[in-house]
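Let me begin by presenting the structure, written as structure tokens, before commenting on it.
Number of protein chains: 2
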Amino acid sequence: MSMPKTKTRREKVEHREETIIEAAREIFNHRGYRKTTMAEIAKQSGVADGTVYLYFKNKEDLARAVITDFYRRLTDSAQQRVDQLSTTKERVTFLARHHLSNVMAEFKILEMLPAINVNMESYGGSALFDLNKNYVAIFDRIAKDGMQSGAIKSSLTPWVLRDIFYGSMEYGSRTMLLKSRPEDIDDFVDQLVGMVMSSPKSAKANLDATIADRLELAATRIEKATAKL
Amino acid sequence: MSMPKTKTRREKVEHREETIIEAAREIFNHRGYRKTTMAEIAKQSGVADGTVYLYFKNKEDLARAVITDFYRRLTDSAQQRVDQLSTTKERVTFLARHHLSNVMAEFKILEMLPAINVNMESYGGSALFDLNKNYVAIFDRIAKDGMQSGAIKSSLTPWVLRDIFYGSMEYGSRTMLLKSRPEDIDDFVDQLVGMVMSSPKSAKANLDATIADRLELAATRIEKATAKL
DNA sequence: CTCCATTAATGAATGTTATTCATTTTTTAT
DNA sequence: ATAAAAAATGAATAACATTCATTAATGGAG
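Line by line, the protein sequences are chains A and B. Terminal number for the first sequence in my numbering: 229, no gaps in between. Terminal number for the second sequence in my numbering: 458, no gaps in between.
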């Protein structure tokens, strides 16, 4: 929220737009779309009521801008970290955790979506639809790679796998917010990732590998124990 | 919608309440919560604007009544059919199909939930929360049985399994409505059910796991034994 | 059947917000 | 410094939800 010293007209206008979006995000995320008034947003932004309408056509359009901003940040930060990870499992695990923590932090923002997309018909092809497509594409690419390398269940159609992945988290985030148990996030992510990673065919193989791991650990313990003799 | 001939005062009042709920359901499901006006509902119900408020405290309360009615019908019809089915797989498959078809038919009704539950804090313990709990309990019971009999993956915590089940469908229903491809429902259900059910191979796998457990126990015994040396 | 107390229904009036727009202030280019 | 252009303002308007004073319907007592 720092006002830059250099203040061309364009910069000032863009800065004010950001200010309004930030104020709107904060209030929307507190009270939800319906309970938030434009007057409140204007006041929080330090402008007159009418000024908000110079930047956004109406309340709906402002909410759209807030969601757009949210998706952009979400997509950028996700892609950036995913690129630094190498294995499929690491990537999927990170993506799940990243999605959950962000969605839980700004839950009410995403809840506004249905209020804004009045008719499903016009949603396909809209800017928000593209943003969402762009975001889930990160998962799609990981899944495609993972399926080729055998790390991810290939028995599932890509779009079904994606819906299971994101749908589980959307619902799960509500449950966890309700229970106020953020420590459940780790359990949830582990189980979701486990479900996505183990394909029926490789289940047996994975289990064998796990058993082998445990055998080795057990052997190590025996070694340590006998070393004391 | 049929007015009974016998018309005690109580019957007339209850009939009118049903009429208003039906009108509200229809319009809400068409235009969504925000775009629906109370005047429209009153007109469709054949009563004056003020009359609606004799039956429901306000718009939110009316929407709540519509959702409550929806959940009741959903729960009753689901439980009834589930009781007639014998195997876990049949039950889970029916429940998924039943949930998806109902949710897709009255999508906008469920979309109203966030608009109505302004604050997550007060949701737990609310009547709607109880209704939802009551509904998903059908799945919970099936899952519990299935886990005991080995038909369902027991590697998942019950609440996580439930969130994956319903969350996947919530998201999936949106995707399918968007794509306007109702024939995808079967594919989706099959894949979701397949993901939840444990594969036949796991009997062998379970045995292997047991062996690993016993090995670890043996290691513990060795540790204890060597500790005494 | 008639009358009156009670319950139900009505729709015009009120209140709350979103949105507009005539007016004022600020900025930019000359 | 000044006028045209751009931004900003906030009072006025409009669209609804909700209220409430008034009217209508109902049912029981006599």
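Backbone N, C-alpha and C define an ideal beta-carbon position, used for all residues, glycine too. Since this is a predicted model, take the numbers as computed values, not measurements.
query                                                                                                                                                             : result
Hey, I164 (chain A) and I393 (chain B) are a contact pair by Cβ (cut 8 Å); roughly how many whole angstroms apart?                                                : 7 Å
Could you check what DSSP says for I371 (chain B) in three-state terms: helix, strand or coil?                                                                    : helix
For I152 (chain A), which three-state DSSP category applies?                                                                                                      : coil
State the beta-bridge partners of M426 (chain B) as determined by DSSP.                                                                                           : B:I381
Counting beta carbon pairs with one atom in the stretch 134-144 of chain A and one in the stretch 391-409 of chain B, are three or more of them shorter than 8 Å? : no
Name, please, each residue of chain A whose Cβ falls closer than 7 Å to the Cβ of S355 (chain B).                                                                 : Near S355 (chain B) there are no residues of chain A at all, since even the closest Cβ is about 11 Å away, more than 7 Å.
Among B:M333, B:K241, B:T280, B:S274, which has the Cα closest to the Cα of Y400 (chain B)?                                                                       : B:M333
Three-state secondary structure (DSSP) at E60 (chain A)?                                                                                                          : helix
Whose C-beta lies closer than 8 Å to the C-beta of V82 (chain A) among residues of the same chain, with five residues either side of it excluded?                 : R91, F94, L95, I138, I142
Just to confirm the assignment, what range does the alpha helix (DSSP H) spanning K228 (chain A) have?                                                            : That residue, K228 (chain A), is in no alpha helix (DSSP H); it is neither H nor E in DSSP.
DSSP on M230 (chain B), reduced to helix/strand/coil?                                                                                                             : Below a pLDDT of 50, predicted positions are generally treated as unreliable, and M230 (chain B), at 42, falls in that range; no measurement from the model is reported.
Taking 8 Å as the threshold (C-beta atoms), are V418 (chain B) and R326 (chain B) in contact?                                                                     : yes
Taking all protein chains shown into account, decide if S168 (chain A) is buried (16 or more other Cβ within 10 angstroms of its Cβ) or exposed.                  : buried
Does the stretch 281-297 of chain B come close enough to the stretch 328-348 of chain B to have 3 or more Cβ pairs within less than 8 Å?                          : yes
Tell me which residues of the stretch 96-114 of chain A have at least one Cβ-Cβ distance to chain B shorter than 7 Å, keeping chain order.                        : E111, P114
Please report how far the alpha carbon of T266 (chain B) lies from the alpha carbon of S86 (chain A), in whole angstroms.                                         : 53 Å
Alpha carbon to alpha carbon, what distance is there between A39 (chain A) and V47 (chain A)?                                                                     : 9 Å
I need the straight-line Cα distance from Y284 (chain B) to Y33 (chain A), nearest angstrom please.                                                               : 26 Å
Determine the DSSP secondary structure at M112 (chain A), reduced to helix, strand or coil.                                                                       : coil
Please name the residue in A:G150, A:T51, A:K133, A:V52 whose C-alpha comes closest to that of Y71 (chain A).                                                     : A:K133
Between the alpha carbons of K59 (chain A) and S126 (chain A), how many angstroms are there, rounded?                                                             : 17 Å
Using the beta-carbon count (16 or more within 10 Å), is Q420 (chain B) buried or exposed?                                                                        : buried
Let me confirm a value: V160 (chain A) is counted as buried when at least 16 other C-beta atoms fall within 10 Å, else exposed. Which label applies?              : buried
Work out the CA separation of L128 (chain A) and S353 (chain B) for me, nearest whole Å.                                                                          : Note that residue 353 (chain B) corresponds to Gly in the displayed sequence, not to Ser. Distance between the alpha carbons of G353 (chain B) and L128 (chain A): 31 Å.
Over what stretch of residues does the alpha helix (DSSP H) that includes T248 (chain B) continue unbroken?                                                       : 238-264
Here's the rule I'm using: 16 or more other beta-carbon atoms within 10 Å means buried, otherwise exposed. How should N119 (chain A) be labelled?                 : exposed
Would you call the CB atoms of S409 (chain B) and G379 (chain B) closer than 8 Å?                                                                                 : no
Just to check, is the beta-carbon of K108 (chain A) closer than 7 Å to a non-hydrogen atom of the ligand MN?                                                      : By its list of ligands, the structure shown contains no ligand whatsoever, and the ligand MN lies outside what it can speak to.
Would you tell me roughly how many angstroms separate the C-alpha atoms of T220 (chain A) and V193 (chain A), rounded to the nearest one?                         : 28 Å
Taking the straight line between their C-alpha atoms, what separation do you get for K224 (chain A) and D130 (chain A)?                                           : 57 Å
If you draw a straight line from the alpha carbon of I249 (chain B) to that of N258 (chain B), how long is it in whole angstroms?                                 : 14 Å
In this structure, how does DSSP classify R214 (chain A) when only helix, strand and coil are distinguished?                                                      : helix
S330 (chain B) lies in the alpha helix (DSSP H); which residues open and close that run?                                                                          : 317-334
Look at the alpha carbon of R254 (chain B) and the alpha carbon of H15 (chain A), and state the distance between them as a whole number of angstroms.             : 44 Å
Have a look at R260 (chain B) and H99 (chain A) and give me their C-alpha separation to the nearest angstrom.                                                     : 30 Å
Buried or exposed for S101 (chain A), going by 16 or more other Cβ atoms inside 10 Å?                                                                             : exposed
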